[in-house]
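Colleague:
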Amino acid sequence: MFRGALWLLAGRGCVGRGLSTRSGGSTPDWTEKVSEIKKKIQSALPGGAWDPLYDTSHLPPEHSDVVIVGGGVLGLSVAYWLKRLEKPRGAIRVLVVDRDHTYSRASTGLSVGGIRQQFSLPENIQLSLFSVDFLRNINEYLAVVDDPPLDVQFNPSGYLLLASEKGAAIMENNVKVQRPDMAALPSVITMVSQEQESATDRSPSLTRDIRQEGAKVCLMSPEQLQNKFPWINTDGVALASYGLEGEGWFDPWCLLQGLRRKIQSLGVFFCQGEVTRFSTSSSRMQTSGGKEMTLKRIHEVHVKMDHSLEYQPVECALVINAAGAWSGQVAELAGIGKGPPGTLEGTKLPVEPRKRYVYFWHCPEGPGLETPFMADTSGAYFRREGLGHNYLGGCSPTEVRSAWAGYYDYNTFDQNGVVGPHPLVVNMYFATGFSGHGLQQAPAVGRAVAEMVLKGQFQTIDLSSLLFSRFYLGEKVEERNII
Amino acid sequence: MLKIIIPTIMLIPLTWLSKSNMMWINSTIYSLMISMVCLPLMNQPCDNSLNLSMLFFSDSLSTPLLMLTTWLLPLMIIASQYHMTKEPLARKKLYITMMILLQIFLIMTFSATELIMFYILFEATLVPTLIIITRWGGQTERLNAGIYFLFYTLAGSLPLLVALTYTQTTLGSLNMLLTQYLTERLTHVWGDSLLWLAFMLAFMVKMPLYGLHLWLPKAHVEAPIAGSMVLAAILLKLGGYGMLRITMMLNPTVNFMAYPFMMLSMWGMVMTSSICLRQTDLKSLIAYSSVSHMALVIMAILIQSPWSFMGATALMIAHGLTSSLLFCLANSNYERTHSRTMILVRGLQMILPLMAAWWLLASLTNLALPPSINLIGELFVTVSMFSWSNFSIILLGINITITALYTLYMLIMTQRGKYTYHIHNIKPSYTRENTLMLLHLTPLLLLMINPKIILGTMY
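Right, dumping it as C-alpha cells:
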C-alpha cells in the first residue's frame, strides 16, 4: 500500500529505484520496513499463537476411571468384561489407549489363531475351556443391535501334538536353539515311555489332568495315528495326543473387531496414543513383619499423540497393563523393576517381545479338510487355511507363497501369563505375558481381571498362581508341554 | 453489619499480601474470626428485627443463614488446600479471592433491606461461582455445567427484575421491613398471578424446583470442592430465603398459583430420591439428595403456615451443613483415588476408621435421624403438610423411606464390605480433613441442644 502511494506521489520515474535518487543515500525499501515494523510489534507483544478453542477431539478425556494400556484382544476383553460385570450400568468410565489403530504390529492380528485345551496347567485348561464356550456363543456375548452377527470362523478341527522317544532335555535344547519361541516338553513321552505297549487304554496323568478339567483329548499310538491320518510320517513318533472337541482355530481379527464394536456400543472410549508417563505418588508403609516398603499409586496417565508433542494427562483410578509384547516397557514407566535386584522393588515384569515367523504355502496333495492343528516332535506346527489346499505354519517349507512375522508377548520367566495386581504399584493390574496362547485365553482372562478389579478376588477361575508375586518368590508356573 | 462486611472485604488484601506459606492459615483464621463476630447478631432484641442501618438488617431468619455463610468460608478454604497445591501462587490467591468475593456478596444479600439491592447481589453471586466452576472444575463437562448454571438462574431471575421494578414504581419502596406491612386488595386480577409467578420463578430455579433442576447435578458434580460446598450450603438457600421474604408481600388471594409448584415439588421429591438409588457417581448422589431436601423446603414455604416456615428454616440450615459435609467427605475420597465412582472405592471403614465415623454421622443426619435438626425440619414440614392435605403424607412417607434407603446405600457402598484391592495404600486422613469434618459436625450436633435459634421468624 505504501509502495503504491509512493509510486503515485513520486511519479513513474522512481518505480524501479524507489526513492533513492532524492536524498542520494541508501534505499529505504518500504516493504522491508513494514515487515520490520511488524516483527518489532510482534516481539513486543506477548505470546505466540493463542487459540483458546482449538479442536481437542483427538485427545482422550481428562478423566477416566480405568485406563487400559493396549488395545489388543486382551485389553478389549478386559474392557468388555468390566462393562459387563459392573453392577449398575454405566458406572465405570473405561478408556482404551492403543498407539497403533491399524494394529500393524499387534500380536492379535498376526496370530495364527489356534485354540486348544492341551495344557498341563489346570488354570490354562480352564481358561481355554471358557474361551471356547465364548467363541461358540459369540453372538450371545457380543451382539450389537442392528449390526450383522459375527462369524468368527471357528474350525473345530482339533490339535494334534506328537512326541518322540528321545529325552526331553535334548529336544528342549534343540528347539530353543532353532525356534526360541517354542519350549516343547511333552511330558506324555516320559510317562508313556514307561508304558511301552499300548497307550490308548492307559491314560497318563497329563491326559487325566486335561480330562479332569473337562477337555476331550485322546491319546493315539503310532498305529492309530497312521490309521486316522495316513499322510503323517510316524517315524520317531512314540505318542500323539489329539483334541477331539473345543480345539481348532478361528479368525482373531474377527474376534477383535467384534469386541471393539461391542465395547463401543457399551460406552468405552477409544484413543490412539502412546502412554509416555505415569504420575505416581508413593508412600512408605510397613509390612506386618516390620519391613518397610514403598507403595505407589498411579494418579495420571500421560497419553502422547502420534507424530506430535501434544499429550493429555488422563486422571485415573486404575491402570490395566495389556500392552502385549511391550508390557515390560509400560511396567518400567510405572517404576516396576527399579530397585536392587532380588528385592520386590527390583523385580521387573519379565515380558518382552519375541519375534516368530509364520509361513503360508500351497500344497495341492496336502492332507485335506480333516487336518488338525499339528505340532510335530520337532516343534514345527501347521494348520489348514481355507479350502484351497493352503496351509499356515511355523516352519518354512521349500516353496512359500507368503510369510509374516509377529511378536509373542513372551514371558521369559515361565512362559505363562501374568494376571492381577502388582503388589507395590497398587492400582496397576496386568493382563499380559501369555507367550503365544494369549489370544485363545483372552475372553476368560478378561473376565478374571474384571472380577479382580470389581470384586477383589477371582471368582469363576482362580488364577492366583498367575499373580505377579511369583516372579519375586521364584515360583515358576511352567507348562510341561508348550508351543 | 459493616463490622462484618468491611473485614470480609479486607480479607482480599490479606490474601494477596500474605507470604506464600501463611496465605492459607491467614485467610482461614481471619474468616473464622469474622464468623465469631457474626455471632452477636443472634441476640435479637425484639420479635421484629435488628435494624442496623438503612441498608442492612438482620432478623431471626437471616441471622442463621448469615452465620452459616460466614462459618462456611473458613471451611471452604480448608477444603481447597489440597487440590490447589499444584497451582501457581497467583492462581491460588485468585481462587481464595473468588471465594471471598462470593462471601461478600452473600453476606450483603442475606442482610439487605432493599429488595433491589437483594436482587443485584443475588445475581452478583453468580459471577464468582461461575468462575470457580468453569476455571477450577475437574473435567471438560464443567463448561457445560457453567453454562447451565448461569443461564438457568439468569433466565429465571429476569422476570423477578421486571416484577421488582414494577412493584417499586407502584409502591414507592421495596424495603423489606416496610413491605411486610403492605395491604393487598382481597380480589385478584390475572396480573396478580403473573406477578406471583414472576416473583417466585427466580427462587424456584435457585432452590431448585424439580422441573428446573437440571443445572444442579451438573454444577455440583463439576465444581471443585469449594464450589460444591458453597453451592449446596448457601446458594440453594438464597432461593429459600428469597421466597420466604417475598411471600410476605404477595397477594394472599393468589395462593392458588402455588398448586402446580406443590405438585412438582411433591413428585420431584420422590423422583429425585429414587434417582439417588441408581446413581453410580458419589457427588451426583449427593447433588440429587440436595434437590430432594430442597423440594421439602419449597413445599413448606408454599403452604405458608407458621409450623412450615419454622420447618423450612431449620431444614435449610441443617441441610446446608449436612450437604456440605457430605461433599467434603466425597472429596476426601476423590483426592485419594481420583475417581468418583462408588463401586471402585469400597470398604473404607477398614482403612480409614475415623473418616468412617464422620461418614456415619453425616449419613445419619442426612436421613434425618432424631434428634438432629434435620429431623426437626423434616418433621415440622411433614406435620404441616399433613394438616394442609391429608394425602400428602403418602408421598412424604415414601420420600422419607427412600431418603433413608439411598443414604444407607451410600454409606454401605463406600464404607462397608471388603475393600477393593487397589485402595489399600491410600494416604491416611489428614488432620486438616478431620478438622474440616469436625467443624461441620459441631454446629450440626450442638444445634440439637438449642434449635430455637434456627427456627426462624415464626418461633
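Protein sequence lines, in the order shown, are assigned to chains E and A. Quick note: the first sequence uses this note's numbering, first residue 45, plus one each step. Quick note: the second sequence uses this note's numbering, first residue 25, plus one each step. Just so you know, even glycine gets a beta-carbon here, dropped at the ideal spot from N, CA and C.
Give me the subset of the segment 368-382 of chain A whose CB atoms are less than 7 Å from a CB atom of chain E, sorted by chain position.
Modeller: Correct list: 368.
Colleague: Taking the alpha helix (DSSP H) that residue 40 of chain A belongs to, which residues open and close that run?
Modeller: Run containing residue 40 of chain A: 26-41, per the alpha helix (DSSP H) assignment.
Colleague: If you draw a straight line from the C-alpha of residue 443 of chain E to the C-alpha of residue 405 of chain E, how long is it?
Modeller: Going by the C-alpha atoms only, they are around 7 Å apart.
Colleague: Along the chain, where does the beta strand (DSSP E) that runs through residue 392 of chain A open and close?
Modeller: First-last for residue 392 of chain A: undefined, no H or E at that position.
Colleague: Quick check on the DSSP output: the beta strand (DSSP E) that includes residue 426 of chain E runs from which residue to which?
Modeller: Looking at the DSSP string, the run of the beta strand (DSSP E) that includes residue 426 of chain E is 425-429.
Colleague: Could you compute how far the alpha carbon of residue 456 of chain A sits from the alpha carbon of residue 102 of chain A?
Modeller: Straight-line Cα distance between these residues: approximately 7 Å.
Colleague: I'd like to check one pair, residue 120 of chain A with residue 47 of chain A: are the Cβ atoms closer than 9 Å?
Modeller: Yes.
Colleague: Rounding to the nearest angstrom, what Cα-Cα distance links residue 40 of chain A and residue 31 of chain A in this structure?
Modeller: Using only the alpha carbons, I get a separation of about 15 Å.
Colleague: Quick one: grab the DSSP three-state call for residue 444 of chain E.
Modeller: The answer is coil: DSSP assigns residue 444 of chain E none of H, G, I, E or B.
Colleague: Using 8 Å as the Cβ pair cut-off and three pairs as the minimum, do the segment 339-356 of chain E and the segment 445-459 of chain E touch?
Modeller: Contact between the segment 339-356 of chain E and the segment 445-459 of chain E is absent, because fewer than three Cβ pairs lie under 8 Å.
Colleague: Out of curiosity, what's the CA-to-CA distance linking residue 436 of chain A and residue 450 of chain E?
Modeller: So the alpha carbons of these two residues sit roughly 49 Å apart.
Colleague: Within a Cβ cutoff of 6 Å, which residues of the same chain sit near residue 336 of chain A, ignoring the five residues on either side of it in sequence?
Modeller: Excluding residues within five positions, the ones whose Cβ falls inside 6 Å are 321, 324 and 325.
Colleague: For the segment 380-395 of chain E, list every residue whose C-beta sits within 9 Å of some C-beta in chain A, in sequence order.
Modeller: The segment 380-395 of chain E vs chain A, Cβ under 9 Å: nothing.
Colleague: By a C-beta neighbour count over all protein chains shown, 10 Å radius and 16 as the cutoff for buried, is residue 244 of chain A buried or exposed?
Modeller: Residue 244 of chain A comes out buried.
Colleague: Measure the beta-carbon distance from residue 495 of chain A to residue 137 of chain A and round it to whole angstroms, keeping in mind my assumption that it falls under 8 Å.
Modeller: This structure gives no information on residue 495 of chain A, because the portion of chain A shown stretches from 25 to 483.
Colleague: Taking only runs that begin and end inside the segment 230-298 of chain A, name each unbroken alpha helix (DSSP H) of 4 or more residues, in chain order.
Modeller: Entirely contained in the segment 230-298 of chain A, the alpha helix (DSSP H) runs reaching 4 residues are, in chain order, 239-246, 249-254 and 260-270.
Colleague: In chain order, which alpha helix (DSSP H) runs of at least 4 residues are fully inside the segment 154-220 of chain A?
Modeller: Within the segment 154-220 of chain A, the complete alpha helix (DSSP H) runs of at least 4 residues are 165-195 and 200-203.
Colleague: Would a C-beta distance cut-off of 9 Å place residue 374 of chain E and residue 319 of chain E closer than the cut-off?
Modeller: Yes, the pair counts as a contact, with Cβ atoms nearer than the cut-off.
Colleague: Shortest alpha-carbon distance to residue 108 of chain E belongs to which of E:192, E:187 and E:356?
Modeller: Closest by alpha carbon: E:356.
Colleague: From the beta carbon of residue 349 of chain E, is the nearest beta carbon of chain A less than 9 Å away?
Modeller: Cβ-Cβ to chain A under 9 Å: no for residue 349 of chain E.
Colleague: Taking 7 Å as the limit between beta carbons, can you name the residues of its chain near residue 290 of chain A, skipping five residues before and five after?
Modeller: Correct list, in chain order: 323, 416 and 419.
Colleague: If you run the structure through DSSP and keep just helix, strand and coil, what is residue 475 of chain A?
Modeller: Helix.
Colleague: Among the candidates A:467, A:406, A:140 and A:93, whose CA atom is the shortest distance from the CA of residue 58 of chain A?
Modeller: When only C-alpha atoms are compared, the closest one is A:93.
Colleague: Could you tell me which residues DSSP puts in a beta bridge with residue 272 of chain E?
Modeller: Per DSSP, none; premise fails for residue 272 of chain E.
Colleague: With a 10 Å radius around its C-beta and 16 neighbouring C-beta atoms as the bar for buried, classify residue 340 of chain E as buried or exposed.
Modeller: Result: buried.
Colleague: From this set, A:189, A:385, A:294 and A:368, which residue's C-alpha is nearest residue 458 of chain A's C-alpha?
Modeller: The shortest Cα separation from residue 458 of chain A among A:189, A:385, A:294 and A:368 belongs to A:385.
Colleague: Using a Cβ cut-off of 8 Å, which residues of the segment 420-446 of chain A contact any Cβ in chain E, in chain order?
Modeller: Per Cβ criterion, the list reads 442, 443, 444, 445 and 446.
Colleague: Is there a Cβ of chain A sitting closer than 9 Å to that of residue 131 of chain E, yes or no?
Modeller: Interface residue, yes.
Colleague: Starting from the beta carbon of residue 363 of chain A, find every residue of chain E whose beta carbon is closer than 7 Å, and list them in chain order.
Modeller: By Cβ distance, chain E contributes 109 and 361.
Colleague: Would you kindly work out how many angstroms separate the C-alpha atoms of residue 122 of chain A and residue 156 of chain A, rounded to a whole number?
Modeller: Near 7 Å, if we compare the C-alpha coordinates of residue 156 of chain A and residue 122 of chain A.
Colleague: Does any residue of chain E have a CB that is nearer than 9 Å to the CB of residue 328 of chain A?
Modeller: No, no contact with chain E.
Colleague: What is the rounded straight-line gap between the Cα of residue 288 of chain E and the Cα of residue 388 of chain E?
Modeller: Approximately 43 Å, taken between the alpha carbons.
Colleague: Since residue 293 of chain E sits in a beta bridge, which residues does DSSP pair it with?
Modeller: In DSSP, residue 293 of chain E forms a bridge with E:158 and E:199.
Colleague: Leaving out five residues before and five after residue 464 of chain E in sequence, what residues of the same chain have Cβ atoms less than 6 Å from its Cβ?
Modeller: Only 496 and 511 meet the Cβ criterion.
Colleague: Below 8 Å on the Cβ atoms is my guess for residue 364 of chain E versus residue 113 of chain E; work out the distance and round it to an integer in Å.
Modeller: Sure, about 7 Å apart at Cβ, within 8 Å.
Colleague: Quick check on DSSP: helix, strand or coil for residue 467 of chain A?
Modeller: Residue 467 of chain A: helix per DSSP, three-state reduction.
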